[in-house]
Every structure is written in structure tokens, then in C-alpha cells.
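Everything in the sequence shown is counted per the numbering used here, starting at 91 for the first residue and increasing by one.
A short worksheet on the structure shown next.
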Amino acid sequence: MQLPPRWLTLLLPAAAILACVAIWIVAVHVAQLHRATQIAAATRENSNRVIAYARFVGGMLDSADAAAVHLAREHRDLAPSRSPAPPQPLTDSAAIDPLFTAVEVADAEGRVRWSSEDGLETRSLAGDRAFALLRSRNAREPVILAPGSDAQVTFARAIRGADGGFRGAVVLRIPVERLTAFYRGADFRPLDLISVIGLDGVTLARREGDRVSAGQNLAGKLVMQRQAAEPYGTYMGPSALDGIERIFSQRRLPRYHLFVSVGIGADDVLAPSRARARTFYLTVAALTLALLGGTLAFWLGLRRRETIIRSLAASNRRLFEAQSIAKMGDWEYDLTTGRFVCSEEICRMHGRDPAKNVMTADEVFSYHDAEGAETIRQTLRRAVASKQPQQCEVVATMGDGRVAHLRLRMSPVVEPDGSVRTVLGTQQDITTEKRHEELRAEVAHITRVEAVNVMAATIAHELSQPLTAANNYLSTAIYLAKQGKQSMVDEEQLAVLLSQASRQIGLSGKIISRARDLVADRRSGEIASLDDIVEEAIALSKVADPAVARAAISARLDPDTGHVAADKVQIQQVLLNLIRNAAQAVADIERPQVLVSSHREPGGMVMVSVADNGEGLPDRVGDIFAPFSTAKRNGLGIGLSICRTIVDSYGGRIWSGTSPLGGAAICFTLPLDEIALLYDVA
């Protein structure tokens with residue numbers, strides 16, 4: 091059967107791309123396989139080499155140790171020389187081994203008593219590092235030191251008497267070339283490397299190509315890290331000195347506290363593999379270019395289609411992200427089949443597998459209680475009957491076990507014949523919104539209660555003085571009026587008394603008006619002078635609470651914090667609460683003090699602090715700004731919660747800290763009014 095031209099145009103480029111991919115996969119796989127084979131072979135070769143080199147070095151050191159042990163045993167009765175004298179010739183067979191360039195036997199004072207070198211004058215090893223280590227450590231193991239300027243490795247062993255005491259030392263000198271003569275006569279490539287390294291990181295012998303060296307400090311380098319992790323392992327990495335990539339094999343000689351390392355240059359190992367890979371890749375590149383040249387025309391034709399598909403996919407992703415952020419999902423209800431098709435977000439809400447997004451009506455209603463299911467059914471009926479969008483709110487248990495408030499919106503799809511066979515809808519989790527509404531209502535109620543308390547306390551305290559004075563004036567006037575029946579009464583004096591009583595009654599009205607302003611919700615531009623707020627708050631707090639009147643309240647406001655972008659009465663309410671709390675906290679001390687201060691902070695904010703000289707806040711007081719959290723015996727625990735609500739509403743924050751007076755401090759921030767500040771500066 092002949093394929094349509096459209097399928098043919100899609101099949102040919104797909105086949106070409108698959109062929110290119112297959113060829114590249116084969117080429118890369120073959121190249122990697124050949125590279126892995128080369129590395130495996132080199133690793134095996136290197137492992138065998140390091141074993142042989144370890145035996146070579148170990149045998150050489152064993153010979154040195156055997157000679158040192160023999161000489162130490164022969165001279166274990168060595169006594170210190172009483173007078174300096176040239177060393178005697180050392181003719182022992184262990185001392186004339188060609189492995190050593192020099193063998194010396196020194197007494198406990200460091201004087202060389204015997205030497206394999208001829209014609210030596212009197213000399214001492216007291217300053218020799220190996221001799222000092224043997225004498226100070228009381229060591230029974232040999233000491234091996236890296237070569238110095240003489241390019242000789244020092245091998246030393248202590249001479250112990252029958253009582254174990256230090257009698258002297260046997261010191262053998264081994265040339266560096268002897269330790270690197272392992273490859274003599276063999277093929278040693280320029281990048282090949284062998285080395286003998288102490289566990290302290292100092293190189294005893296190193297050969298790289300034809301260059302022999304020693305004494306390099308490799309502490310902290312990769313070679314020492316790998317030695318600590320895997321003393322008998324193999325790894326690939328850069329050399330510590332020249333940075334050349336090599337395959338290294340290591341073997342530790344624990345008896346002598348050193349290890350040997352053999353390295354093969356990665357370029358030497360991988361050169362054949364890389365040449366073969368280049369051939370593979372050039373061939374595959376030529377085939378790929380030939381195939382892609384024929385498919386380019388098809389790709390240009392499909393580009394627009396692919397762009398549209400990508401745009402739609404991006405739109406779907408944005409839709410999914412938006413639904414997840416808003417906790418909203420969508421669904422479609424087919425009235426004919428009675429099935430719901432739900433979005434991924436709805437499935438996630440109810441803990442359902444997104445692949446099982448098609449549900450029956452019974453399955454959907456099973457996620458709700460009887461009341462919620464009935465509410466949804468009735469809303470669906472209204473939407474279908476009215477052919478108008480409807481919504482309802484229900485409570486449901488979600489997939490994570492929490493109880494959530496859901497808002498369902500339903501929109502019927504009206505067909506051309508006027509019937510409704512499909513209903514589209516959304517489901518949104520509005521639990522947070524509901525909680526915010528409850529909190530706003532609770533805060534509003536608490537604020538009103540607190541405002542009434544403040545107004546009642548203010549009125550009760552302030553009215554007592556003018557009303558008492560007015561009563562006194564009226565009582566005097568009545569007394570004088572009664573006396574007027576027996577004698578003449580000065581009418582002018584009565585007028586003064588009645589005028590004073592009237593003035594005191596008028597003052598009572600002003601007090602009531604000021605208290606009413608305190609609790610009124612007035613936001614005329616929300617710009618107020620911080621100096622006025624603090625001054626009036628201190629004055630009102632002294633009237634409202636006797637404990638406040640007893641405390642010494644002072645204000646220390648910076649001049650550049652003149653106006654704040656907040657309502658004057660609400661910020662006064664915050665300061666009244668904080669000043670009253672601070673005064674009550676220091677009511678029982680000898681000299682109670684409360685300090686109200688302010689200073690400007692970055693970001694156009696002003697920080698206001700109310701501090702006292704009391705004992706401070708308890709260590710485990712918890713969140714003092716949470717509703718109904720209080721340390722007072724008769725407190726409700728809502729004052730600081732109201733303060734936080736007010737401060738938060740203006741974009742500020744409130745916290746507790748340490749007072750400069752030694753007690754507690756409550757601080758909060760408010761936004762500065764920048765325009766007023768500019769006028770102040772001008």
C-alpha cells in the first residue's frame with residue numbers, strides 16, 4: 091500500500107536522522123570500547139610493573155636492613171670513644187656491598203668509629219638528622235631519609251646494647267640511581283614515571299624519562315590523597331609536579347614507611363585509540379553531512395510546525411504552574427456519559443494518580459461529605475437549568491488529610507440547538523483566604539475591644555478631676571446662695587464660681603472628644619508627625635495608668651525621623667500599649683525608667699523603640715506577639731498581637747530585644763514619608 095506523500099516526507103527525514111544517530115552511536119561505542127581496552131591493558135601492565143618495582147625496591151631495602159642489622163649486632167658492645175680518632179676501615183662483607191656508596195658505624199656520641207671509605211679523617215654524625223632521630227626516638231625500626239645535595243638516600247639503624255640502651259648507629263648511603271635502576275635496559279618512554287615516596291610526602295627517588303631527581307615534597311597532592319585512600323590501587327590523574335595525565339599504580343612498603351609509584355603517560359597509552367577514533371569520527375561526519383543535506387529541506391518545512399507545538403507546550407506548562415500557584419484546577423463534566431475529566435492539579439489535591447483523571451460522578455462526590463455532595467449537585471442543576479455560570483463553596487478532606495475550603499465555579503456550554511451537554515468548571519482551594527478572613531475579623535474585634543478599654547480608662551481617669559472640681563464649685567455656690575437668705579451675697583463671686591464649674595464641665599467634653607479620636611478609624615492621607623505621636627502617647631499613657639505616671643518616661647527622637655506614612659491614632663495605640671507594658675514591668679523597682687527613641691534605617695524606614703530598665707523578658711517566653719500569649723497575671727494577651735497587626739499593615743515589622751537601660755525593648759519599623767522629609771530638609 092502506497093503511503094500518502096505527507097507520511098513519506100515525515101518518514102524520510104526520520105529515517106535519515108535515525109541512521110545518523112545509529113552510525114554515531116556505533117562509532118562512539120567502538121571508540122570508547124577501544125579506549126577502555128587500551129586503558130585496561132595499560133592498567134594491567136602498570137599493576138604488574140608496580141609489583142615488580144615494589145619487589146625491587148623492597149629487596150634493595152631488605153639488603154640494606156640486613157646489612158645494618160648485622161653490623162649493629164656486631165657492634166652492640168660499642169663503647170663511646172674517650173678521644174677523637176680517625177675511623178677504622180670497615181672490612182665486613184656486609185659493608186662492601188656495591189649497593190652502598192658508604193657505610194659508617196658511629197658510637198653513642200656520634201663519632202664515626204668504622205667506615206667503608208678509605209682515608210677518612212676524624213668526623214662525627216652528631217649533627218646528622220638520621221642519627222638524631224635514632225637517638226631521640228629510641229626507635230627499633232630503621233630510619234630512611236630523602237637525599238640531600240649528595241643525591242644519596244640515608245638508611246640508618248640504631249645499635250642497641252644487651253640492656254636495650256643506645257650504643258650508636260649504623261648509617262648506610264644508597265645513591266638515588268640505584269633505586270631507579272629498575273628500567274635499566276628496558277624501554278622507558280619519555281612520559282613514563284617511577285618514584286619512591288615516603289609516607290610524609292617527600293620523594294626519595296624519582297625518574298621521569300631520562301631525568302632522575304629526589305627531594306620533592308608532595309604532601310597534600312593527589313598522589314598522597316590516593317595513597318591514603320587506596321595504598322595498593324590504580325588511578326588516572328595529573329602528576330603532582332608536571333601536571334601530565336598518567337595512569338598510576340601504587341604499592342605501599344609498610345615496614346619502611348614508604349610506597350612506590352609507577353606511572354604511564356595517558357597520551358602514550360591512548361595514542362592508538364585516539365588515531366582510530368579520529369578515523370571513525372571523520373567517516374561518520376561525512377556520512378552525517380550527506381544524510382542531513384538531503385533532510386534539510388524537510389526540516390525547514392517542519393520548523394514552523396514545531397515552533398507552534400513548542401508554543402502550545404509552553405502555554406500548557408504556564409497553565410499548570412499557574413494552577414499550582416493558585417491551588418486551582420479545572421474539570422469538564424459530560425452530562426451524556428456522566429463522566430468528569432479532571433486536570434492534574436485537581437488529582438493532586440485529592441491525592442489521586444494524574445493518569446486516572448477520568449472519573450464517574452459517584453467517584454467525584456465520594457471526595458465530599460453528604461452535605462457538600464448535595465451542594466455540588468444543586469449548583470450543577472442550577473447551572474444547567476439557567477444556562478448561566480454558578481458557584482458554590484464546600485468543605486472537603488484533601489489527599490494529605492487536611493480539611494480544606496473549596497470554591498467551585500461552573501459554566502454550562504450551550505450548544506447551537508440550545509441544549510446543555512457539557513459543563514466546564516474550576517475548583518480552587520480557598521482555605522488560606524478563609525483563614526485570612528477569620529483573622530481579619532478576629533483582629534478587628536480585638537482592636538475594637540482594646541479601643542473601648544483604652545477609651546473607658548481614659549474617660550474614667552480624666553473625667554474624675556474636672557467633674558470633682560465642678561462639683562466643688564457648684565457646692566460652694568449653693569452654700570453661698572443659701573447663706574444669702576440671712577446676709578447679702580456677692581453676685582459677682584457666685585458668677586465666678588458658676589463660670590469655673592462650667593469651664594470644668596466643658597473640659598470634660600473635650601476629654602471625651604479626645605478619647606473618641608483615639609479609637610476612631612481615621613486615615614486622612616496616613617501621614618503624621620512622629621514627634622506629635624510620641625508626645626501625645628506619653629501624655630495619654632500617664633493619664634490612663636497610675637503605674638505609667640510613676641515611671642520616668644523620656645523621649646529621644648532623631649531629627650531626621652519627622653513624619654511617618656501611617657495613621658496617627660493607630661500608631662498612638664501601639665505606643666500606648668508598649669509604654670503601658672514597659673511601665674508595668676518596672677513598677678516594682680526603685681527608679682523606674684521608660685525610654686522612647688527613634689532613628690532612621692536603610693530602605694526609607696524609621697525604627698521606634700520602647701525600652702525599660704526592668705529585668706527583661708524571660709528566656710522561654712515564646713512568641714509574645716501571638717494572640718492570647720501573655721506573661722501578666724490578669725492580661726488577655728492581645729495587646730502585642732494588636733500592635734503586630736497594625737505595624738504589619740504598614741509594611742513594617744515588630745520584634746523584642748535588649749534595652750540600653752538594661753531591661754527589655756520592643757522595637758518596630760514604619761515607612762518614612764519621603765515628601766515630608768524633603769520639605770523638612772529644605
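The C-beta atom is built at its ideal place from N, Cα and C for all residues, glycine as well.
Where the beta strand (DSSP E) through residue i begins and ends
| i | result |
| --- | --- |
| Thr427 | Element bounds for Thr427: n/a, residue is neither H nor E. |
| Thr469 | Here Thr469 belongs to no beta strand (DSSP E); instead the alpha helix (DSSP H) covers Ala460 to Ser476. |
| Asp197 | Ala192 to Asp197 |
| Ser339 | Glu335 to Leu343 |
| Phe758 | Ala754 to Pro761 |
| Val700 | Met695 to Asp702 |
| Arg296 | Thr293 to Glu298 |
| Arg646 | Ala642 to Leu647 |
Straight-line Cα distance separating residue j from residue i
| i | j | result |
| --- | --- | --- |
| Asp210 | Ile186 | Residue 210 is actually Leu in this sequence, not Asp. C-alpha separation (whole angstroms): 16 Å. |
| Gly747 | Ile415 | 36 Å |
| Thr244 | Arg125 | 43 Å |
| Leu377 | Ala367 | 15 Å |
| Phe278 | Val359 | 13 Å |
| Leu379 | Arg336 | 36 Å |
| Gly251 | Pro321 | 36 Å |
| Gly832 | Gly305 | No answer is possible for residue 832: the residues shown for the chain start at 91 and end at 772. |
| Arg681 | Leu751 | 12 Å |
| Gln340 | Val140 | 6 Å |
| Ile264 | Asp182 | 17 Å |
| Ser614 | Arg525 | Legend: pLDDT at Ser614 = 44, less than 50; position of this residue unreliable, value from coordinates given subsequently. Straight-line Cα distance between these residues: approximately 29 Å. |
| Thr133 | Thr385 | 45 Å |
| Leu666 | Ile714 | 17 Å |
| Asn671 | Val624 | 15 Å |
| Arg268 | Pro344 | 20 Å |
| Arg301 | Ala319 | 29 Å |
| Arg612 | Pro708 | Because Arg612 carries a pLDDT of 47, less than 50, the predicted location of this residue cannot be relied on, and no value is offered for it. |
| Met488 | Leu668 | 42 Å |
Distance CB(residue i)-CB(residue j) smaller than 8 Å
| i | j | result |
| --- | --- | --- |
| Ser351 | Ser285 | yes |
| Phe338 | Gly353 | yes |
| Tyr423 | His440 | no |
| Gly742 | Met695 | yes |
| Ala158 | Leu262 | yes |
| Ala154 | Leu189 | yes |
| Val193 | His165 | no |
| Leu235 | Arg219 | yes |
| Val664 | Asn703 | no |
| Thr469 | Leu425 | no |
| Thr521 | Ala494 | yes |
| Leu620 | Leu647 | yes |
| Val654 | Ala618 | yes |
Per-residue DSSP class, three states only, for residue i
| i | result |
| --- | --- |
| Gln306 | coil |
| Ser363 | helix |
| Phe349 | strand |
| Ile415 | helix |
| Ala185 | coil |
| Arg492 | coil |
| Ser206 | coil |
| Ala241 | coil |
| Pro506 | coil |
| Ala169 | coil |
| Pro328 | strand |
| Ile107 | helix |
| Glu231 | coil |
6 Å Cβ shell around residue i - same chain, five flanking residues per side excluded
| i | result |
| --- | --- |
| Ala639 | Lys632 |
| Ala309 | Gly291 |
Own chain, CB closer than 7 Å to residue i, minus 5 neighbours either side, in chain order
| i | result |
| --- | --- |
| Ile436 | Gly419, Trp421 and Gln517 |
| Leu224 | Val233, Ala246, Ala248 and Ala259 |
| Val454 | Phe430 |
| Val374 | Ile113, Trp114 and Ala117 |
| Tyr325 | Arg316 and Phe338 |
| Met697 | Ser688, His689, Glu691, Cys757 and Thr759 |
Where the alpha helix (DSSP H) through residue i begins and ends
| i | result |
| --- | --- |
| Ser746 | No alpha helix (DSSP H) holds Ser746; the beta strand (DSSP E) holding it covers Ile744 to Thr748. |
| Arg268 | Val266 to Leu269 |
| Gly729 | Gly729 to Ser739 |
| Val454 | Ala451 to Phe455 |
| Arg279 | Per DSSP, Arg279 belongs to no alpha helix (DSSP H) and is neither H nor E. |
| Ile714 | No alpha helix (DSSP H) holds Ile714; DSSP gives it neither H nor E. |
| Glu483 | Element bounds for Glu483: not the alpha helix (DSSP H) but the beta strand (DSSP E), Gln480 to Thr487. |
| Arg227 | Arg219 to Arg227 |
Residues near residue i in its chain [Cβ-Cβ closer than 8 Å; skip 5 each side]
| i | result |
| --- | --- |
| Ala755 | Ser699, Val700, Ala701, Asp702, Ser746, Gly747, Thr748 and Ser749 |
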